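Numbering (our numbering), first residue to last: 732 to 1703.
Heads up, the beta-carbon is just placed ideally off N, CA and C, and yes, glycines get one too.
Computed from a predicted structure; not experimentally measured.
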Amino acid sequence: MLRKKTNGAARTGHRVPLLSSISQTTVDRRSFLRGSGLAIGGLAALGATGGTVTRAEAQTAVANAVETIKSVCTHCSVGCTVLAEVDNGVWIGQEPGFDSPFNLGGYCAKGASVREHAHGERRLKYPMKKEGGEWKRISWEQAINELGDKMMQVRQDSGPDSVYWLGSAKHSNEQAYLFRKFAAYWGSNNVDHQARICHSTTVSGVANTWGYGAMTNSYNDIHKSRAIFLIGGNPAEAHPVSLLHMLKAKEENNAPLIVADPRFTRTAAHADEYMRIRPGTDVAVIWGLLWHIFENGWEDKEFIRTRVWGMDQIRDEVKKWNPAETERVTGVPGSQMERVARTLANNRPGTLIWCMGGTQHTNGNNNTRAYCILQLALGNMGVAGGGTNIFRGHDNVQGATDLGVLSHDLPGYYGLTAGAWAHWARVWGEDLDWLSGRFATLNGPDGKPALDADGKERSLMNENGIPVSRWIDGVLEDKANIDQNDNIKVMVLWGHAPNSQTRMTEMKTAMEKLDTLVVVDPFPTVSAVLSDRTDGVYLLPATTQFETRGSVTASNRSLQWRDKIMEPLFESKTDHEIITLFAKKFGFADRLLRNISMDSENEPNVEDITREFNKGMWTVGYTGQSPERIKLHMANQHTFDRTTLQAIGGPADGDYYGLPWPCWGTAEMKHPGTPNLYDMSKPVSKGGLTFRARFGVERDGQNLLAEGVYSAGSEIKDGYPEFTMQMLIDLGWDKDLTDDERKAIDAVGGPKANWKTDLSGGIQRVAILHECAPFGNAKARTVVWTFPDPVPLHREPLYTNRRDLVADYPTYSDRKLYRLPTLYASIQAKDFSKDYPIILTSGRLVEYEGGGEETRSNPWLAELQQDMFIEINPRDANNLGVRDKAQVWVEGPEGGRVKVMAMVTERVGEGVAFMPFHFGGHYQGQDLRSKYPEGADPVVLGESTNVAQTYGYDSVTLMQETKATLCKISAA
């Protein structure tokens, strides 16, 4: 890591010297002493701080006793508890939660400084708009009225899809749910959030393998792992506290840690075995391992026979990946492949961990499915210490995804079908015809309504919206090529850092073409300065999550409750209040909030929002976690086992911490939550589960249901389909329904009603009464017949320097996805490797998070990492004439270039370069600090790696490609 310190002040050219600015703000003693790095003791402390000694009076101390308020860190997905010390409404200090089973009193650098995130002086203080090239302060009333008038005019002229509502992984669950509902009432599926560009390929790949697209076990469950295989992740920097759980397995179980990554990371430094792989070859790596497993008969044959479908087709593909071919493609020697495969086979159960290194590829869904298949082959699923432990990036990216802030889903992963909309209309108490009328009908070239395959008019209510990864194309693409009636005219970036997205040169153009650009955020983000707009940009200050309350879902599916630490600072407002203000302006607030009480004129009651989504999210079991149950867990963290997460006595006895979903039925059922997905050793009522019967009961004449295996205590001693009312009748279990449950079931189709649409929860309750999983008992499938590649295949990246492999492993044909034409073969057809010979990849640093605007505005973190940089292998650096710490130009094949500092290191292999993606505020060599609103510029600025990053999107989800493109490097 680059560390540059000069007299304690950052070399950034910012307006106010770093420590000088700190001295002008109010900080508590502990934070100052820790942040300044002073060695404190006795009179040394007094001298250092310039204070005086006074006698402490006991009565004064009691009168000034601080209140301790419990919250959750707002950075990564581990879910660390923050204990805030509050004096008369002022947040004066913080401690880690020692009772939390997640962080156990630990913090990373970001978590240790979240108080400054909330209290930061560089936050947006009031609404602003850009007018004549200058930032102008305006009122909230003016902002909502002006924006509302503009948006309604665009709606009238171009349709509701011309306003894009981009949500956030920083919403609480309640805000995420209300945001998606709000977008539905506006009448558009052009709504999305950060999950699209971090783990959408995980969700699609994993859900289509065994039913749910989330982390199957937990950080804590890794304590029981006998082996840890990590591919495409760097938890030591991205999720530092999670590393404590991994190291516990190493220490207590002697579990080997195997890290596969193109870069020798801080996590790899802890590894027993490090595999340096070529970027973009994950499928080939996994198939290379499976070649040895199958060749030696190390697979779990009985597990495959009873619980897995399609493994024979996998075997056929794996046969091609002998050691020689695997090494040709991946760069990993055959001897190392065999050694790693043997290690995994000899140390079971083992867990497999991945993050964005595996997901952000044009074939990312193939990668995630291959990871799952490896675990199925080894029999590592549905067992403590096994599973796929998928580390999510943002604090509530899991929850915001579950709550449906996506362009292809409704809350709970209900799709966009007529049945799904009817379900949520019932939950909302909404007239479905009115709701349908809010959406546009797609027009054909002749201006008449376009028709679908059944001859019906194509309502955009039932079609995927444009994902965030492609919003710039929604602006720039010829509207004749887009499956909506006009281009995007208004872009609302709500809690989203644009520098976390690729193709930033085109993003700049798109921002300048918009009618209006709206940023809703505690900080101005790069959105405020990237474009050369002089008018039509609005900055609306949102609060942090420390200035409100609500639930948040950690990566392991556990829900935690944040209590409000402080009142909103300056003129900032909570996300749910801002949503309400817009809804009032648009005239549907009464409909939107009909089931929700109000805490004040414009602020909906958070607990009522929780209860509303509890009424509808039957698919993933977000129904049993009432606000009261979540708060009970937070208040009694000390009663939960640090490994199993189960409460041992106390008021939550038997529950699993945070009621990890699925938490079946209603809160009154007291389901304990599901700690490890698909674990049949426990009864369903006690947190056990089977694989989901999501894909039918038969395929090609073969059985898709489990064969002779079932969860503990199940009264059905074999595989079975998902539950419907007809199934209860056939089993004679319908008599277990109450009269009220039967009435509710009759209202949604009687015998045709299923467990996902029964608002009473009766079908779920009765299924679980007989210890059956409501979603059935099936085999996991290794072949997804609805995907472009039913069997996962290796495909060369669009920008590959291995032209010798393109003929053998070509990319996809160009196609239309999510309303937009999407390019594959037409890009790969051109050889860029001669002019751009170095593979470029990107990733995280421990000091910063996401786009970095909030963390680079934190003086304690800014002091630790002050330069944007690129890691270059010594051989490449010497061949290019580049020395360590020199300035270099990095240019991508689409023309974007950045000026950064060189870090010459063997962390990266020859021909590979790495840049972090947290920086912004510089653009192609130009410092944009003067373009920020006065006082809102981050402490540290730098180039965005995504200016040099290129086109490339996953074939199923349109996940962006950031891990395997090309670049050229030259001395600046």
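Take every Cβ of the region 1352–1369, pair it with every Cβ of the region 1388–1400, and state whether three or more of those distances are shorter than 8 Å.
-> With a cut-off of 8 Å, the region 1388–1400 and the region 1352–1369 count as touching, because enough Cβ pairs lie within range.
Would R927 pass as a contact of V1199 if the rule is Cβ separation under 7 Å?
-> Yes, these two residues count as a Cβ contact at 7 Å.
Per DSSP, what kind of secondary structure is D1658 in: helix, strand or coil?
-> The three-state reading of DSSP puts D1658 in strand, counting E and B together.
Excluding five sequence neighbours on each side, which residues of the same chain lie with their C-beta closer than 6 Å to the C-beta of T924?
-> Checking the displayed sequence, the identity of residue 924 turns out to be His instead of Thr. Contacts found: G898, S899, A900, A1131 and V1136.
How would you write the range of the alpha helix (DSSP H) that T932 sits in, first residue to last?
-> According to the DSSP assignment, T932 belongs to the alpha helix (DSSP H) that extends over S931 to W941.
May I ask you to report which of helix, strand or coil DSSP gives A787?
-> In this prediction, A787 has a pLDDT of 44, which is less than 50 and means its spatial position is unreliable; what the coordinates show is noted afterwards. DSSP, reduced to helix, strand and coil, places A787 outside both helices and strands of the structure shown, so it counts as coil.
Please name the residue in G1081, H1653, G890 and W871 whose C-alpha comes closest to that of N948.
-> The candidate whose alpha carbon is nearest that of N948 is G1081.
Under the DSSP definition of a beta bridge, which residues are partnered with M1222?
-> As a beta-bridge residue in DSSP terms, M1222 pairs with Y895 and L1248.
In the DSSP assignment, find the unbroken beta strand (DSSP E) run with C1698 in it and report its ends.
-> C1698 -> beta strand (DSSP E) spans T1696 to A1702.
Taking the alpha helix (DSSP H) that N904 falls in, what are its first and last residues?
-> N904 to W917 is the extent of the alpha helix (DSSP H) around N904.
Quick one: using the 10 Å Cβ neighbour count with 16 as the cut-off for buried, is G1666 buried or exposed?
-> Classification for G1666: exposed.
Sort P891, Q906 and R886 by Cα distance to V1283 and report the nearest one.
-> With respect to the C-alpha of V1283, the residue from P891, Q906 and R886 having the closest C-alpha is Q906.
What separation, rounded to the nearest whole angstrom, lies between the Cα atoms of Y895 and T1236?
-> Y895 and T1236 have their C-alpha atoms some 20 Å from each other.
Ignore the nearest five residues each way along the sequence and tell me which others in D830's own chain have a CB closer than 8 Å to its CB.
-> If the five residues before and after D830 are omitted, its C-beta is found closer than 8 Å to the C-beta atoms of T812, Q1368 and H1369, all from its own chain and listed in chain order.
With DSSP run on the structure shown, which of helix, strand or coil describes Y1144?
-> Helix.
Nearest to E1308 (by Cα), restricted to the options E1334, G1582 and R1280 | The closest CA to that of E1308, considering only E1334, G1582 and R1280, is found on E1334.
Starting from D1471 and walking both ways along the alpha helix (DSSP H), at which residues does that stretch end?
-> Per DSSP, D1471 belongs to the alpha helix (DSSP H) from D1470 to A1478.
Beta carbon of V937, beta carbon of C1103: below 7 Å?
-> For V937 and C1103, yes; Cβs fall inside 7 Å.
Going along the chain, which residues of its own chain have a beta-carbon closer than 7 Å to the beta-carbon of E1708, five neighbours each way excluded?
-> Nothing can be reported for residue 1708, as the shown portion of the chain is limited to 732 through 1703.
Residue(s) in a DSSP beta bridge with K1704 = The displayed coordinates of the chain run from 732 to 1703. Any statement about residue 1704 would go beyond what the structure contains.
Sort Y1005, G864 and M1646 by Cα distance to P987 and report the nearest one.
-> In this structure, Y1005 is the residue among Y1005, G864 and M1646 with its C-alpha nearest to the C-alpha of P987.
Whose CA, out of A1211, M1400 and N1508, lies closest to the CA of L1408?
-> Ranking the options by Cα distance to L1408, first place goes to N1508.
Given a threshold of 16 other Cβ atoms within 10 Å of its Cβ, counted over all protein chains shown, does N1027 qualify as buried or as exposed?
-> That one is exposed.
Pull up the DSSP beta-bridge partners for T1455, would you.
-> Answer is N1485.
State the Cα-Cα distance for the pair S802 and Q1559, rounded to the nearest angstrom.
-> Roughly 48 Å separates the two Cα atoms.
What is the C-beta distance between V1221 and V1257, in whole angstroms, given that I count them as a contact (C-beta under 8 Å)?
-> In fact, because the Cβ distance is near 19 Å, the residues do not count as touching under 8 Å.
Please name the residue, chosen from I989, E1069, N1098 and T1311, that lies closest to E1692 on a Cα-to-Cα basis.
-> For E1692, the nearest C-alpha among the options comes from N1098.
Which residues DSSP lists as bridging A1644, in chain order | Per DSSP, L1571 and I1603.
Going by beta carbon distance, what residues of the same chain come within less than 7 Å of G942, once the five residues before and after it are set aside?
-> Hits under 7 Å: F1422, R1423, R1425 and F1506.
For N1195, which residues from the same chain have a beta carbon less than 6 Å from its beta carbon, with the 5 sequence-adjacent residues on both sides left out?
-> Result list for N1195: S1138, H1139 and Y1549, in chain order.
Sort T1676, D1209, E1578 and Q1091 by Cα distance to A1593 and report the nearest one.
-> Among T1676, D1209, E1578 and Q1091, the Cα nearest to that of A1593 belongs to E1578.
Does DSSP put G1683 in a helix, a strand or coil?
-> The DSSP-derived three-state label of G1683 is coil.
What is the DSSP secondary structure of K1210, reduced to helix, strand or coil?
-> DSSP, read as helix, strand or coil, puts K1210 in helix.
Just to check, is the beta-carbon of R957 closer than 6 Å to a non-hydrogen atom of the ligand NAP?
-> As for the ligand NAP, it is missing from this structure, which has no ligand bound.
Nonlocal neighbours in the same chain, by C-beta distance under 7 Å from P971, ignoring five residues either side | Result list for P971: C839 and V1577, in chain order.
With distances taken Cα to Cα, identify the nearest neighbour of V1128 among M1192, H902 and A1153.
-> Relative to V1128, the option among M1192, H902 and A1153 whose CA is nearest is H902.
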